[in-house]
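Peer 1: Mind having a look at this structure? Questions to follow.
2 protein chains.
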Amino acid sequence: MRDVYVAGVGTTRFGRQPQRSPRELAEAATREALLDAGTPAREIEALWLANATSGLGSGQLAVLGQMVTRGLGVEGIPVVRVENACASGSTAMREAYLAVAHGDVDVAVAVGTESLTGWSTAAMTEIMARASDAELEAPLGLTFPGVFGMIARRHAELYGTTPAQLAAVAVKAHRNGALNPIAQFDAPIEIEDVLGARRVASPLGLLDCCPISDGGAAVVLSAQRPAGAPRVAASALSSGRFRDDSTMTEFTATQLAARRCYELAGIEPADVDVAEVHDCFTIAEVIHGEDLGFCPRGEGGAFVESGATAIGGAVAVNPSGGLKARGHPVGATGVAQVVELATQLRGEAGERQVDGPEVALAHTLGGFVHGDAAACAVHVLVRD
Amino acid sequence: MRDVYVAGVGTTRFGRQPQRSPRELAEAATREALLDAGTPAREIEALWLANATSGLGSGQLAVLGQMVTRGLGVEGIPVVRVENACASGSTAMREAYLAVAHGDVDVAVAVGTESLTGWSTAAMTEIMARASDAELEAPLGLTFPGVFGMIARRHAELYGTTPAQLAAVAVKAHRNGALNPIAQFDAPIEIEDVLGARRVASPLGLLDCCPISDGGAAVVLSAQRPAGAPRVAASALSSGRFRDDSTMTEFTATQLAARRCYELAGIEPADVDVAEVHDCFTIAEVIHGEDLGFCPRGEGGAFVESGATAIGGAVAVNPSGGLKARGHPVGATGVAQVVELATQLRGEAGERQVDGPEVALAHTLGGFVHGDAAACAVHVLVRD
């Protein structure tokens, strides 16, 4: 396998913009990434597009990726859409990375896109529930806020995790997001705001949940290194264990993917300077800190509350604002993480810049099936 | 790249079976393929699942592949869903092939599945139209029967292709399908039946169109060769050219993918003994014969009418019955082609066995966007 570099990154604004189609969002992000890389569109040799929902309603059911390459005037290349629930974007990143690493192509694009705000919150909650077992779990009413509410209760029972610790995740996310020009939410919030918000699935309230978002994000991966471009040091994709005796307070899919990436990159969890993790709900970020080895099992809540994951802490987690404040346009999320981490490693993150990061980690979960995450993708990027 | 073998194949019956979910169809096909390969499920190291529509309605929106691995008791492995319209199955085949060829894994599964008969023909026609430009072409009423009706008219105008030549494609398909135990249609038809059928999009009538189908198909790909297993000699995936001046009577996506495969496999079109091609409409098979180089441009109609593509002809095309008679459960189709070709190369195709084939070619199209196929995947399998 040869080295692969994140040659360019691009992203639209995240948030409510239902007038822009998934195709348009994807094309805009890709154009920006190409411009950033200094790569003409005609040099793209393959493209993977991530999208979960555009076939619903009267949208582009199929060949959305080809609609993007057509818009860019790119002809004849392999184009594939991938879906892995909320890990779709990082799955596209992985497929594109492997194609360049193995020498199938020299330049590949991974682009993610999603338009969700055209749906009501109730409809979207029902739609997303079909990333669990749609024949068994979803019809029983197992929505994702419900799943993570149960997880939060169990984590509290086992480890004493408090609502204030969960709230600290949201406060950090909004503080970082307010420094990110593309973020959906641009205002800081306080612990009291989170604790006092309307309950959604107790103990989780409205401000413990990531929003519904529209957006697109793209990266250009290349076997050639433009000056200052980060290197992809590891990529792993795992599914879960789906055991009926799952405690639901750890995700084996994360543990497997992270362990593989640490091996491939030759690093320890303590080497990670900055991470973008899948904070779909505040409790999720608490658990990811444990599963990724940033803190001991059960101490994820205290770890966040201590400030260790703030910009300037031991490991800056979600400096972009994360799913919680940057927003969560499903297919775009995993790619947006790589956009943020590449920007951080290049030292171009402006007000939210982490001090001199050298090792960065991206982490997404996709779906939740019978007690475990259905998918987890982890990537490690380095500045070397 | 190392050699990759089709170690095992499996398929459900194709046809109307709306009581079986896409998950169930995929799992049944995968179990059969594993049994055929003599491979325990625990040895699967990665799985790609192809499906285009299961997220519509209240189906499994996401992580359908993990629902299959969970059913098989397989834990932790990378699982990805791919979609490329009607080329989804062969796209899954390609991704799984590359993973084994590059040494990422030793054993991978490609499985395709689709449930379509729960929809009315009118609804399905509208849904499938969203594999064109869903913002521009589909709202104008450009359905796939309409597209291929226009293509047939143009081909007739340019080359004199007759309705009887088109009908010969359907007659051959049904004759072959009647010999295939899993085919949707089990009765031969006559030229007069095709010419006398209700018109759908003139000159195409009902019997010029492939049916709406439910079904699943799976292959186990391995770096180890079980006795008699065919080798994958080439794989290519292309998108189209999307030119406004397209004649619509040739698919550059096919030409690009086929040329690449002939180069990779070191063969000429005349070396192909048996092929499964994307006969979504009779005119499509006529054009594929030309694009794949089986006959000169414009002579595809006469080529089929001559019997050259029958079992026993110069190149047996769609001995399975093809999309037209075996059926077309979208995500499953490209995988089912490989199932048929591996069966033919192993000499196990029973009454529809081609005489001693050594080189086999699978071809699918996906979508149709601005005058060209959005995607085309070609694979070459050999017995050596």
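Order-wise, the sequence lines are chains F and A. Taking numbering that gives the first Met the number 0, the leading residue of the first sequence gets 0, the next gets one more, and so forth. Taking numbering that gives the first Met the number 0, the leading residue of the second sequence gets 0, the next gets one more, and so forth. Ideal Cβ placement from N, Cα and C applies to all residues, glycine included.
Is it buried or exposed, F/R198, if we count other Cβ atoms within 10 angstroms and call 16 or more buried?
Peer 2: Exposed, because fewer than 16 other Cβ atoms sit within 10 Å of the Cβ of F/R198.
Peer 1: Which residue comes first and which comes last in the beta strand (DSSP E) that contains F/L360?
Peer 2: Segment 358 to 368, the beta strand (DSSP E) holding F/L360.
Peer 1: Looking only at C-alpha atoms, which of A/I43, A/V170, A/D35, A/R69 sits nearest to F/G239?
Peer 2: The candidate whose alpha carbon is nearest that of F/G239 is A/R69.
Peer 1: Quick one: which residues of the stretch 127 to 142 of chain A get their C-beta closer than 7 Å to a C-beta of chain F? List them in chain order.
Peer 2: Taking 7 Å as the Cβ-Cβ cut-off against chain F, the residues of the stretch 127 to 142 of chain A that qualify are R129, A130, D132, A133, E134.
Peer 1: Give me the Cα-Cα distance between A/P328 and F/H154, rounded to the nearest whole angstrom.
Peer 2: For A/P328 and F/H154, the distance between alpha carbons rounds to 44 Å.
Peer 1: Any C-beta of chain A sitting closer than 8 Å to the C-beta of F/M92?
Peer 2: No, its Cβ sits nowhere closer than 8 Å to a Cβ of chain A.
Peer 1: Measuring CB atoms only, is the stretch 348 to 358 of chain A touching the stretch 194 to 209 of chain A, in the sense that at least three cross pairs come out at less than 8 Å?
Peer 2: Contact between the stretch 348 to 358 of chain A and the stretch 194 to 209 of chain A is absent, because fewer than three Cβ pairs lie under 8 Å.
Peer 1: Can you check whether the CB of A/E82 is closer than 8 Å to the CB of F/A61?
Peer 2: Yes, the pair counts as a contact, with Cβ atoms nearer than the cut-off.
Peer 1: Suppose contacts are defined by Cβ-Cβ distances below 8 Å. Is F/V168 in contact with F/V285 by that definition?
Peer 2: It is a contact, given that the beta carbons lie within the stated cut-off.
Peer 1: Hey, out of F/A376, F/L55, F/A216, F/V218, whose CA is closest to A/G75's CA?
Peer 2: Of the candidates F/A376, F/L55, F/A216, F/V218, the one whose C-alpha sits nearest the C-alpha of A/G75 is F/A376.
Peer 1: Is there a C-beta anywhere in chain A that falls below 8 Å from the one on F/S237?
Peer 2: Yes, its Cβ sits closer than 8 Å to a Cβ of chain A.
Peer 1: Between the Cα of F/L263 and the Cα atoms of F/I282, F/D272, F/A233, F/H287, which residue gives the shortest distance?
Peer 2: Nearest C-alpha to F/L263: F/A233.
Peer 1: I'd like to know whether the C-beta atoms of A/G214 and A/L33 end up nearer to each other than 8 Å.
Peer 2: It is not a contact, given that the beta carbons lie outside the stated cut-off.
Peer 1: F/R19 and F/A182: beta carbons closer than 8 Å?
Peer 2: No. Outside cutoff.
Peer 1: Threshold first: 3 residues or longer. Then list the beta strand (DSSP E) segments lying entirely within the stretch 48 to 123 of chain A, N to C.
Peer 2: Here the runs fully enclosed are 78 to 82, 106 to 114.
Peer 1: Roughly how many whole angstroms lie between the Cα atoms of A/S237 and A/E94?
Peer 2: Using only the alpha carbons, I get a separation of about 13 Å.
Peer 1: With 7 Å as the limit, tell me which residues of the stretch 144 to 155 of chain F have their beta carbon closer than that to any beta carbon of chain A; keep them in chain order.
Peer 2: Listed in sequence order: no entries.
Peer 1: Determine, for A/Q65, whether the minimum Cβ-Cβ distance to residues of chain F falls below 8 Å.
Peer 2: Yes, contact with chain F.
Peer 1: With 8 Å as the C-beta to C-beta threshold (strictly closer), list the residues of the stretch 271 to 290 of chain F near chain A in chain order.
Peer 2: Listed by position, the residues of the stretch 271 to 290 of chain F near chain A (Cβ gap below 8 Å) amount to none.
Peer 1: At which residue ranges does the stretch 171 to 229 of chain F contain complete beta strand (DSSP E) runs of 3 or more residues, listed in the order of the chain?
Peer 2: Complete beta strand (DSSP E) runs here, min 3: 198 to 200, 213 to 221.
Peer 1: If you measure between the beta carbons of F/P356 and F/Q336, is that distance less than 8 Å?
Peer 2: No. Outside cutoff.
Peer 1: Going by the beta-carbon positions, is the gap between F/A91 and F/L48 smaller than 8 Å?
Peer 2: Cβ distance < 8 Å, so F/A91 and F/L48 count as in contact.
Peer 1: Which residue comes first and which comes last in the beta strand (DSSP E) that contains A/T10?
Peer 2: Note, A/T10: beta strand (DSSP E), 4 to 10.
Peer 1: Tell me the residue span of the alpha helix (DSSP H) that contains A/D244.
Peer 2: First-last for A/D244: undefined, no H or E at that position.
Peer 1: Flag this pair as yes or no: are the beta carbons of F/L139 and F/V271 separated by less than 8 Å?
Peer 2: No, these two residues do not count as a Cβ contact at 8 Å.
Peer 1: Give the straight-line distance between the Cα atoms of F/D244 and A/T251, rounded to the nearest whole angstrom.
Peer 2: Cα to Cα, the separation comes out at about 53 Å.
Peer 1: Check the Cβ-Cβ distances between F/E74 and every residue of chain A, and say whether any is below 8 Å.
Peer 2: It does: the Cβ of F/E74 has a partner Cβ on chain A nearer than 8 Å.
Peer 1: Does the Cβ of F/G9 have 16 or more other Cβ atoms within 10 Å, making it buried, or fewer, making it exposed?
Peer 2: When all chains shown are included, F/G9 counts as buried.
Peer 1: Output yes or no for whether 8 Å exceeds the beta carbon distance between F/M247 and F/M123.
Peer 2: No. Outside cutoff.
Peer 1: Closer than 7 Å by C-beta to F/P162: which residues in its own chain qualify, once you throw out the five before and the five after it? Chain order, please.
Peer 2: Closer than 7 Å at Cβ, skipping near neighbours: L194, P202.
Peer 1: Check whether the stretch 212 to 231 of chain A touches the stretch 110 to 123 of chain A, taking contact to mean three or more Cβ pairs, one atom from each stretch, closer than 8 Å.
Peer 2: Touching, yes.
Peer 1: How is A/H154 classed by DSSP in three states: helix, strand or coil?
Peer 2: Helix, per DSSP.
Peer 1: Starting from the C-beta of F/A98, find all residues in its chain whose C-beta is less than 6 Å away, skip the five residues before and the five after it, and write them out in chain order.
Peer 2: So the list reads A45, V104, A107, once near-sequence residues are dropped.
Peer 1: Tell me which residue opens and which closes the alpha helix (DSSP H) that F/C260 is part of.
Peer 2: First-last of the alpha helix (DSSP H) with F/C260: 251 to 264.
Peer 1: If contact is defined by three or more beta carbon pairs under 8 Å, each pair taking one atom from either stretch, is the stretch 27 to 42 of chain A in contact with the stretch 308 to 315 of chain A?
Peer 2: The stretch 308 to 315 of chain A is not in contact with the stretch 27 to 42 of chain A.
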